[in-house]
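Take a look at the structure set out below.
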Amino acid sequence: MIDRSGFSLLEWDSNFFERRIARVAESEFSARSVQRLLGGARDEAIECLYLLVDARDSGKVQAAEEAGFRLVDVRVTREREAPGEEDRNLPANIDLGRAEDIPHLRAIAKKSHTDSRFYQDPEFPTQRCDALYEIWIENACNGSSAGVVVARPKSRAVGYVTCEIQEPGLGGLGLVAVAADEAGRGYGGGMIKGAMGWLADKGCTRIRVVTQARNINATRLYETNGFRTISVENSYHLWLGKESTD
């Protein structure tokens with residue numbers, strides 16, 4: 048919940064990183080409100096603020112940068128229609144994740160998401176970022192409204208795509224990764240097709256995915272599979288007490 052100060056404490060992030068972290072509501076952020084927001088955050092002993100703004104909003108972009116927010120990611124959201132019934136069969140070597148896959152998936156996850164904003168922020172220790180994605184993939188495997196599609200060419204899972212129902216009719220693709228020694232064999236595209244089929248079978252008519260602009264391989268993968276850009280946002284972090292004075 049957003050409080051009257053225009054930001055909300057993120058309990059999970061705060062507990063995991065052992066720092067008080069909050070998210071600023073974009074609707075509350077402007078050049079006129081920024082000092083009030085920062086003052087309220089300091090009063091609440093917030094250490095880090097996350098901020099996401101439309102990359103086309105030059106006023107908010109300028110206000111964020113002048114206040115010392117650091118750009119850590121350019122977030123690109125893409126969307127496409129869900130596949131029809133004739134396109135929902137799992138491709139060869141693609142399967143739904145199982146509990147016994149979790150150790151293999153955790154090992155892949157801790158090495159595969161270094162393009163994310165957490166790794167771009169030196170205040171977050173690399174080992175904690177690794178652990179974040181290990182936990183993320185394990186939680187996805189155990190979730191009731193989420194699914195994990197894996198590449199399993201033999202007996203061991205060598206890649207994954209997480210997927211979830213975000214709202215009625217809208218499915219989302221989340222983490223995507225393939226083990227480094229299995230890259231280039233077409234598993235990424237196969238898992239995307241499998242995940243889209245899983246979501247379509249759950250009643251989703253549209254499918255959405257968010258990627259980092261710096262992740263060129265993911266951009267190619269999703270564009271090849273029919274996804275088209277619908278929004279671009281700048282993601283910022285601000286560590287209070289460490290604002291840039293440039």
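Heads up: the sequence shown is residues 48 to 293, going by this note's numbering.
Ideal Cβ positions, reconstructed from N, Cα and C, are used throughout, including at glycine.
According to DSSP, what are the bridge partners of His284? Tyr97 and Arg117
For Gly106, which residues from the same chain have a beta carbon less than 8 Å from its beta carbon, with the 5 sequence-adjacent residues on both sides left out? Ser77 and Ala78
Answer with buried or exposed for Lys240, where buried requires no fewer than 16 other C-beta atoms within 10 angstroms of its C-beta. buried
If you count every other CB in all the chains shown that lies within 10 Å of the CB of Gln174, and 16 or more means buried, which is it? exposed
Taking the alpha-carbon of Gly250 as reference, which of Ala111, Gln213, Phe274 and Asn264 has the nearest alpha-carbon? Gln213
Quick one: is Ala110 buried, meaning 16 or more other Cβ sit within 10 Å of its Cβ, or exposed? buried
Nearest by alpha-carbon distance to Ala226: which of Glu91, Gly190, Phe64 and Pro200 is it? Pro200
Use the C-beta contact count for Val119: other C-beta atoms within 10 angstroms, 16 or more gives buried, fewer gives exposed. buried
Going by beta-carbon coordinates alone, are Lys157 and Asp177 separated by less than 9 Å? yes
Can you give me the start and stop residues for the alpha helix (DSSP H) that Ala265 sits inside? Ile263 to Thr271
I think Ala204 touches Gly144, with their Cβ atoms under 8 Å apart; what is that distance to the nearest whole Å? 7 Å
Starting from Ser55 and walking both ways along the beta strand (DSSP E), at which residues does that stretch end? Phe54 to Leu56
From which residue to which residue does the beta strand (DSSP E) around Arg70 run? Ile68 to Val71
So, at 8 Å on beta carbons, what are the nonlocal neighbours of Met48 in its own chain, with the 5 sequence-adjacent residues on each side left out? Unreliable placement is indicated for Met48, whose pLDDT of 48 sits below 50; the coordinate value is still reported in the next sentence. Within the same chain, Met48 has close Cβ partners Ser55.
As an exercise, report each continuous alpha helix (DSSP H) stretch of at least 4 residues that is fully enclosed by the stretch 158 to 208, in chain order. 164 to 167 and 173 to 189
Output the distance between the C-alpha atoms of Gly273 and Glu126, rounded to the nearest integer angstrom. 8 Å
Which residue marks the beginning of the beta strand (DSSP E) containing Asp104, and which one marks its end? Element bounds for Asp104: n/a, residue is neither H nor E.
Please go through the same chain and pick out, in chain order, the residues whose beta-carbon is closer than 8 Å to the beta-carbon of Glu73, but skip the five residues on each side of it. Leu98, Leu99, Val100, Asp101 and Lys107
Reducing DSSP to helix, strand and coil, say where Thr292 ends up. Unreliable placement is indicated for Thr292, whose pLDDT of 48 sits below 50; the coordinate value is still reported in the next sentence. Here Thr292 sits in coil by DSSP.
Residue from Gly218, Ser202, Ile68 and Pro150 with nearest C-alpha to Gly194: Gly218
For Ser52 and Tyr283, what's the separation of their Cα atoms in angstroms? 18 Å
Per-residue burial, Arg255 [other beta carbons within 10 Å of its own, 16 or more giving buried]: buried
Burial state of Trp59 (16 or more Cβ within 10 Å): exposed
Beta-carbon gap between Leu152 and Tyr234 smaller than 9 Å: no
So, at 6 Å on beta carbons, what are the nonlocal neighbours of Ala92 in its own chain, with the 5 sequence-adjacent residues on each side left out? Arg67
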